[in-house]
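Visitor:
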Amino acid sequence: MTIKVFETFAGIGSQHKSIKNINSKNEDIKFDIIATSEWDARCIIAYSAMHNKLNEETIEKTLKANNLLNEDQINEYLLKNVFSLNSKKPTNSITSKDLNFKKALVVANLINKNHSDIQSVKPSLIDQYKIDLITYSSPCQGLSLANMGRDKGIKDNSSTSHLIWQIGRIVSECKNKPKYLLLENVKNLVGKYSAEYQEWTDFLKSNG
Numbered sequence: 006m007t008i009k010v011f012e013t014f015a016g017i018g019s020q021h022k023s024i025k026n027i028n029s030k031n032e033d034i035k036f037d038i039i040a041t042s043e044w045d046a047r048c049i050i051a052y053s054a055m056h057n058k059l060n061e062e063t064i065e066k067t068l069k070a071n072n073l074l075n076e077d078q079i080n081e082y083l084l085k086n087v088f089s090l091n092s093k094k095p096t097n098s099i100t101s102k103d104l105n106f107k108k109a110l111v112v113a114n115l116i117n118k119n120h121s122d123i124q125s126v127k128p129s130l131i132d133q134y135k136i137d138l139i140t141y142s143s144p145c146q147g148l149s150l151a152n153m154g155r156d157k158g159i160k161d162n163s164s165t166s167h168l169i170w171q172i173g174r175i176v177s178e179c180k181n182k183p184k185y186l187l188l189e190n191v192k193n194l195v196g197k198y199s200a201e202y203q204e205w206t207d208f209l210k211s212n213g
């Protein structure tokens with residue numbers, strides 16, 4: 006039995022690492038990461054290097070296979086996606102980066118099957134890939150005690166932790182609901198913000 010996974014807010018792939026460990030110990034059920042969503046450019050590259058064998062040979066072969074043969078074509082690809090260089094805000098200067106960095110980012114994005122902007126992920130992706138499990142390690146800055154009083158919970162639109170509701174949008178609008186959702190976050194979500202967490206779980210229940 007194979008469980009197809011969409012790994013969102015993927016970072017450098019902690020969920021991927023866990024899944025590899027599970028797969029190595031379990032022959033009856035295998036987890037297969039079908040696609041990812043992450044916008045931090047350096048995390049995307051690191052994820053690909055750690056989990057998808059990103060290297061110089063892979064970069065050149067993949068660029069050629071996708072007809073991305075010069076810097077203009079690479080820049081055009083990058084501008085069609087939303088990336089961040091600080092994990093907090095989108096960047097408008099991605100094309101000014103070093104060419105080797107841009108090549109690595111493009112290829113990492115392709116071989117990770119990455120959808121960089123969670124807010125642009127179409128619910129039809131869940132139907133297209135027949136996703137069974139969505140993992141979501143959504144931003145914790147709006148919840149963490151380390152944010153020294155600047156935490157705003159998951160309901161405030163100005164909070165990065167509000168992005169959890171993008172998972173709600175995807176789940177509520179897809180035709181074939183995933184069987185499982187796996188959330189990883191700081192304990193403040195079920196502490197100080199337990200009422201908001203309850204609202205979140207109620208929303209999920211209302212969507213099956």
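With my numbering applied, the sequence shown covers 6 to 213.
In this text, a Cβ means the ideal position worked out from N, Cα and C, and glycines have one as well.
All values reported here derive from a predicted model rather than from experimental measurement.
1) Identify which residue in Ala40, Glu62 and Trp205 has its Cα closest to the Cα of Tyr134.
2) Quick check: the Cα distance between Gln108 and Ile64, rounded to an integer number of angstroms?
3) Evaluate Leu148 with the Cβ neighbour count: other Cβ atoms within 10 Å of its Cβ, from every protein chain shown; 16 or more gives buried, anything less gives exposed.
4) From what residue to what residue does the alpha helix (DSSP H) around Lys30 run?
5) Distance, Cα to Cα, Leu168 vs Thr67?
6) Would you mind working out which of Gly16, Tyr141, Tyr52 and Ser23 sits nearest Ala113, comparing C-alpha positions?
7) At which residues does the beta strand (DSSP E) containing Lys210 begin and terminate?
8) Ser42 and Ile123: beta carbons closer than 8 Å?
9) Would you call the segment 82-99 in contact with the segment 20-28, where contact means no fewer than 3 C-beta pairs closer than 8 Å?
10) Helix, strand or coil for Met153 per DSSP?
11) Between the Cα of Lys58 and the Cα atoms of Asn117, Glu81 and Asn26, which residue gives the shortest distance?
12) To the nearest angstrom, how far is it from the Cα of Lys182 to the Cα of Ile139?
13) Suppose you measure from the CA of Glu189 to the CA of Gln203; what does that come to, to the nearest Å?
14) DSSP on Asp132, reduced to helix/strand/coil?
15) Should Asp137 go down as buried or exposed, given a rule of 16 or more other Cβ atoms within 10 Å for buried?
16) Tell me, to the nearest whole angstrom, how far the beta carbon of Pro128 is from that of Ile175; I am working on the premise that it is less than 8 Å.
17) Would you give the residue range spanned by the beta strand (DSSP E) that Ile8 belongs to?
18) Looking only at its own chain, which residues have a Cβ that is under 6 Å from the Cβ of Asp37, when we skip the five neighbours before and after it?
19) So which of Lys197, Trp170 and Leu209 has the shortest CA-CA distance to Lys184?
20) Would Met153 be called buried (16 or more neighbouring beta carbons within 10 Å of its own) or exposed?
Guide: According to the structure shown:
1) Reading the sequence shown from its first residue, position 129 is the one you call residue 134. Considering only alpha carbons, the answer is Ala40.
2) In the sequence shown, counting from the first residue as 1, residue 108 sits at position 103. In the sequence shown, counting from the first residue as 1, residue 64 sits at position 59. Gln is not the amino acid found at residue 108; the sequence shown has Lys there. Their Cα atoms are separated by approximately 7 Å.
3) The count along the sequence shown starts at 1 and reaches residue 148 at position 143. Because the pLDDT of Leu148 is 49, which lies under 50, any placement of that residue in the model is unreliable, and the number read from its coordinates should be weighed accordingly. Classification for Leu148: buried.
4) The residue you call residue 30 lines up with position 25 of the sequence shown. Its alpha helix (DSSP H) spans residues Ser19 to Lys30.
5) Taking the first residue of the sequence shown as position 1, residue 168 is located at position 163. Taking the first residue of the sequence shown as position 1, residue 67 is located at position 62. Whole-angstrom Cα-Cα distance: 31 Å.
6) To locate residue 113, count along the sequence shown from 1; it is residue 108. Minimum Cα distance to Ala113 is reached at Tyr52.
7) For the purposes of this step, residue 210 is identified with residue 205 of the sequence shown, where counting begins at 1. Run containing Lys210: none in the beta strand (DSSP E); it sits in the alpha helix (DSSP H), Ser199 to Ser211.
8) For the purposes of this step, residue 42 is taken as the residue at position 37 of the sequence shown. For the purposes of this step, residue 123 is taken as the residue at position 118 of the sequence shown. Yes, these two residues count as a Cβ contact at 8 Å.
9) no
10) Locating residue 153 in the sequence shown gives position 148, counting from the first residue. Interpretation of Met153 is limited by its pLDDT of 46, a score under 50 that renders its predicted location unreliable; no figure is taken from the coordinates.
11) For the purposes of this step, residue 58 is identified with residue 53 of the sequence shown, where counting begins at 1. Here the closest residue by C-alpha is Asn117.
12) Here residue 182 refers to the residue found at position 177 of the sequence shown. Here residue 139 refers to the residue found at position 134 of the sequence shown. Whole-angstrom Cα-Cα distance: 10 Å.
13) As a working mapping, residue 189 is identified with position 184 in the sequence shown. As a working mapping, residue 203 is identified with position 198 in the sequence shown. About 15 Å.
14) If you number the sequence shown from 1, residue 132 lands on position 127. Helix, per DSSP.
15) Your numbering for residue 137 matches position 132 in the sequence shown. Label assigned to Asp137: buried.
16) The residue given as residue 128 occupies position 123 in the sequence shown. The residue given as residue 175 occupies position 170 in the sequence shown. Right, the Cβ-Cβ distance comes to about 5 Å (below 8 Å), so this counts as a contact.
17) Your numbering for residue 8 matches position 3 in the sequence shown. Taken as a continuous stretch (DSSP letters only), the beta strand (DSSP E) holding Ile8 covers Thr7 to Thr13.
18) The count along the sequence shown starts at 1 and reaches residue 37 at position 32. Excluding sequence neighbours, Asp37 sits near Thr7 and Lys9.
19) Looking up residue 184 in the sequence shown gives position 179. Cα-wise, what sits closest to Lys184 is Leu209.
20) For the purposes of this step, residue 153 is identified with residue 148 of the sequence shown, where counting begins at 1. Residue placement at Met153 is poorly supported in this model, since its pLDDT is 46, which falls under 50; the coordinates still yield a value, given next. Label assigned to Met153: exposed.
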